[in-house]
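This report concerns only the one structure given below.
Number of protein chains: 2
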Amino acid sequence: MKHIADSTVRRLSVYLRYLEEHAARGHATTSSEDLAHYAGTTSAQVRKDLSFFGSFGTRGLGYSIAELTAKLQDILGLGREWKVVIVGAGKIGSALSTYRGFAQRGFRVIAVYDNDPRKIGSPWDGQVVRSIDALEADTARERPDIAVLAIPADDAQPEVDRIVRAGIAAILNFAPAQVQVPPGVTLKNVNMAMELEGLSYALRNRD
Amino acid sequence: MKHIADSTVRRLSVYLRYLEEHAARGHATTSSEDLAHYAGTTSAQVRKDLSFFGSFGTRGLGYSIAELTAKLQDILGLGREWKVVIVGAGKIGSALSTYRGFAQRGFRVIAVYDNDPRKIGSPWDGQVVRSIDALEADTARERPDIAVLAIPADDAQPEVDRIVRAGIAAILNFAPAQVQVPPGVTLKNVNMAMELEGLSYALRNRD
DNA sequence: CAGTGTGAAGCACTTCACAGCC
DNA sequence: GGCTGTGAAGTGCTTCACACTG
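If you're matching them up, the sequences are chains A and B in order. All residue numbers for the first sequence refer to the working numbering, where the first residue is 1 and numbers rise by one. All residue numbers for the second sequence refer to the working numbering, where the first residue is 1001 and numbers rise by one.
Structure representation (structure tokens):
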């Protein structure tokens, strides 16, 4: 398939959240205008985004919420369970693993790793913290799909290398570090420091 | 000044991080090529990004690390202290407030708020959790610059409204909700669910 | 006739390529 | 000679506008 822009995929996530909220309120259909209003974009953008994957609406009528929900879930790969491992038994990892929305969407935390001997073996949000040295052997056996990296910046690249070596192809990196991955591995960065600096820039340059 | 793209501002943050790391290793100058390699972009992009704000390099030589560091800090508004309040005394807020990098860059947490009576009054990372109802009065007195929102999605919009009403002009939203702010208020969203769905999409559609 | 689906136009960001300067 | 600074060209995302259809 033709390459889809990252911005498009992010908007699909937003549309899906709207559909879920909207369905809960008992509605059966919606329009590109409604979706656009919720997502903070335009109706043309919504229709264009969806058009990359097919035509899911009815002219003159709009979109069936149930149908479009199913389509978006399928497009986003949410029709199955994804196994997630968390590397770094700290607060960020914990915030993630206890967030109900993940389980709802099929992201299941199957293991937590740390390199601190004081943490290894202790209970942690329904898991037992494992030694990071076990990652490769565990991965061969349990085949997780996604690794969430929530460790200090200095350790980020070596741990990414380990994760990649183990054969995990998707990484969500919370470490405030610029890390490299080989082709075939998908990396997303969430950098809170960068976001705050973006706000700082905006405040500094507001009129 | 001409409008600067969000992507440019984000890269400036990355450049700054590189300069800080690089200075620590004793180097005095660097080049657009070095910066590009670290940031995962091209040297032309680096030079273009910087050119929006002036010309900070020396042809044939490169950039003085000390000088460019100072310039970037100034551009990003990091030359002063920003007062931050955290709304939601949970794990995400805690992870943020204990992260050393923020204090280093001049982001100082001055208060933490929650609506849970069991949390209000108890100690929390060097603060005492305050009642969310005190936000407006406190803001009038203490003049925080930035609010970090780390609460459940359902409560997000009302709390954003309260923050805006109190007069805070920059919000970092961790709630997985699409919230609206009036013109003049800068909002950044960090949505972990969306990032994971982006990975799910990539895994689903990998070849 | 209301609202989708889509080629075409518009716009913004990135890359190129080279003049300019140390 | 080497590397910056920058107009011009290129690319890709967004918006427009309208044909189409239930």
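Glycine included, C-beta positions come from ideal geometry on N, C-alpha and C. This structure is a prediction, so every number in the text was calculated from the model and none was measured.
The beta strand (DSSP E) that contains residue i, what's its start and end?
| i | result |
| --- | --- |
| threonine 41 of chain A | Neither: threonine 41 of chain A is in no beta strand (DSSP E) and is coded neither H nor E. |
| isoleucine 163 of chain A | Run containing isoleucine 163 of chain A: none in the beta strand (DSSP E); it sits in the alpha helix (DSSP H), 153-166. |
| aspartate 1114 of chain B | 1107-1114 |
| valine 148 of chain A | 146-149 |
| lysine 1188 of chain B | 1186-1189 |
| alanine 170 of chain A | 170-173 |
Cutting at 7 Å between CB atoms, please list the residues of its own chain near residue i, excluding the five before and the five after it.
| i | result |
| --- | --- |
| threonine 1139 of chain B | Ala1166, Gly1167, Ile1168 |
| aspartate 1049 of chain B | Thr1008, Arg1011, Leu1012 |
| alanine 1153 of chain B | Ala1175, Pro1176, Ala1177 |
| aspartate 1125 of chain B | Ser1094, Ser1097, Thr1098 |
| arginine 35 of chain A | Looking at the sequence itself, residue 35 of chain A is leucine, so the reference to arginine does not match. Same-chain partners within the cutoff: Tyr15, Tyr18, Val46. |
| arginine 1025 of chain B | none |
| arginine 1206 of chain B | none |
| arginine 1080 of chain B | Gly1106 |
| histidine 27 of chain A | Ile65 |
| glycine 62 of chain A | Thr29, Thr30, Ser31 |
| threonine 58 of chain A | none |
| glycine 121 of chain A | Val128, Val129 |
| alanine 1103 of chain B | none |
| asparagine 1191 of chain B | Pro1176 |
| leucine 78 of chain A | Arg105, Gly106 |
Please return the same chain residues whose Cβ sits closer than 8 Å to the Cβ of residue i, not counting the five positions on each side in sequence.
| i | result |
| --- | --- |
| alanine 1111 of chain B | Val1085, Ile1086, Gln1127, Arg1130, Asp1138, Glu1142, Pro1144 |
| glutamate 1195 of chain B | none |
| leucine 135 of chain A | Val85, Val87, Tyr113, Arg162, Ile163, Ala166 |
| glycine 1054 of chain B | Lys1071 |
| glutamine 180 of chain A | Gln157, Val160 |
| tyrosine 1201 of chain B | none |
| alanine 1193 of chain B | Pro1176 |
| isoleucine 132 of chain A | Val87, Tyr113, Asp114, Asn115, Glu159, Arg162 |
Can you name the start and end residues of the alpha helix (DSSP H) that residue i belongs to?
| i | result |
| --- | --- |
| aspartate 1138 of chain B | 1135-1142 |
| valine 1014 of chain B | 1006-1024 |
| arginine 1204 of chain B | 1192-1204 |
Got a sec? Which residues, its chain only, sit under 6 Å from residue i by beta carbon, not counting five neighbours each side?
| i | result |
| --- | --- |
| leucine 172 of chain A | Val148, Lys188 |
| valine 1185 of chain B | Val1164, Ala1169 |
| glycine 90 of chain A | Ala150 |
| isoleucine 1146 of chain B | Trp1082, Val1084, Ala1170 |
| threonine 1042 of chain B | Ala1036 |
| alanine 23 of chain A | Ile65 |
Any idea what DSSP makes of residue i, helix, strand or coil?
| i | result |
| --- | --- |
| isoleucine 120 of chain A | coil |
| serine 131 of chain A | strand |
Q: Compile a chain-ordered list of the residues in the region 64-90 of chain A whose CB is closer than 9 Å to at least one CB of chain B.
A: Taking 9 Å as the Cβ-Cβ cut-off against chain B, the residues of the region 64-90 of chain A that qualify are Asp74, Ile75, Leu76, Gly77, Leu78, Gly79, Arg80, Trp82, Val84, Gly90.
**Q.** Residues within the region 137-154 of chain A neighbouring chain B, beta-carbon criterion of under 7 Å
**A.** Answer set for the region 137-154 of chain A: Asp145, Ile146.
Q) the region 173-185 of chain A: which residues have C-beta closer than 7 Å to a C-beta of chain B, in chain order? A) Residues passing the 7 Å Cβ filter: Pro176, Gln178.
Q) Where in the region 34-102 of chain A do unbroken runs of the alpha helix (DSSP H), each at least 4 residues long, occur, reported from the N-terminal end onward? A) Runs found: 43-51, 65-75, 91-97.
Q) Which of the residues in the region 1029-1057 of chain B, read from start to end, lie with their CB under 9 Å from any CB of chain A? A) Flagged, chain order: Tyr1038, Ala1039, Gly1040.
Q) What residues in the region 161-173 of chain A bring their beta carbon closer than 9 Å to a beta carbon of chain B? A) Listed by position along the chain: Ala169, Ala170, Ile171, Leu172.
Q | Interface positions of the region 1112-1130 of chain B facing chain A (Cβ-Cβ less than 9 Å), listed along the chain | A | The residues in question: there are none.
Q) Using a beta-carbon distance cut-off of less than 9 Å, what residues from the region 188-202 of chain A approach chain B? A) Under the 9 Å Cβ criterion, the region 188-202 of chain A contributes Lys188, Asn189, Val190, Asn191, Met192, Ala193, Met194, Glu195, Leu196, Glu197, Gly198, Leu199, Ser200, Tyr201, Ala202.
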